[in-house]
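*Asks:*
Residue numbers (UniProt numbering): 1 to 93.
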């Protein structure tokens, strides 16, 4: 069964999400940006969500995590919780 590890940043607007994505793409550290800006409790671990399998996260999240290239920032991804930036840090098929 597929497994993945990922980290994310959760914010309440698409505009903030896009601005943070730009900062990361320009060289800001993902974990530092997560600690400073994410509203998810995972922000304390730099947005790290640990390891999980398909179906353990909301569908919009799962779709990206199990299809996006590893180590590239994806998003904004809208879920019922807000807007996410996602980075898959590893995945096994």
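We put the CB at the ideal spot given by N, CA and C, even for glycine. Note that the structure is predicted; figures quoted are calculated from it, not measured.
Could you tell me whether the stretch 46 to 63 touches the stretch 5 to 23, where touching means 3 or more Cβ pairs closer than 8 Å?
*Replies:* The stretch 46 to 63 is in contact with the stretch 5 to 23.
*Asks:* Starting from the C-beta of residue 68, find all residues in its chain whose C-beta is less than 8 Å away, skip the five residues before and the five after it, and write them out in chain order.
*Replies:* One-based indexing of the chain shown puts residue 68 at position 68. Cβ within range, chain order: 74, 86, 88.
*Asks:* Can you give the beta carbon distance from residue 10 to residue 82, rounded, assuming they're within the 8 Å contact cut?
*Replies:* Residue mapping note: residue 10 aligns to position 10 of the chain shown, counting from 1. Residue mapping note: residue 82 aligns to position 82 of the chain shown, counting from 1. Going by Cβ atoms, the distance from residue 10 to residue 82 rounds to 5 Å, so yes, they are a contact pair.
*Asks:* Rounding to the nearest angstrom, what Cα-Cα distance links residue 25 and residue 19 in this structure?
*Replies:* Counted from its first residue, the chain shown places residue 25 at position 25. Counted from its first residue, the chain shown places residue 19 at position 19. Cα-Cα distance, rounded: 10 Å.
*Asks:* Assign residue 39 to one of three DSSP states: helix, strand, or coil.
*Replies:* Numbered from its first residue, the chain shown carries residue 39 at position 39. In this structure, residue 39 counts as coil in the three-state DSSP scheme.
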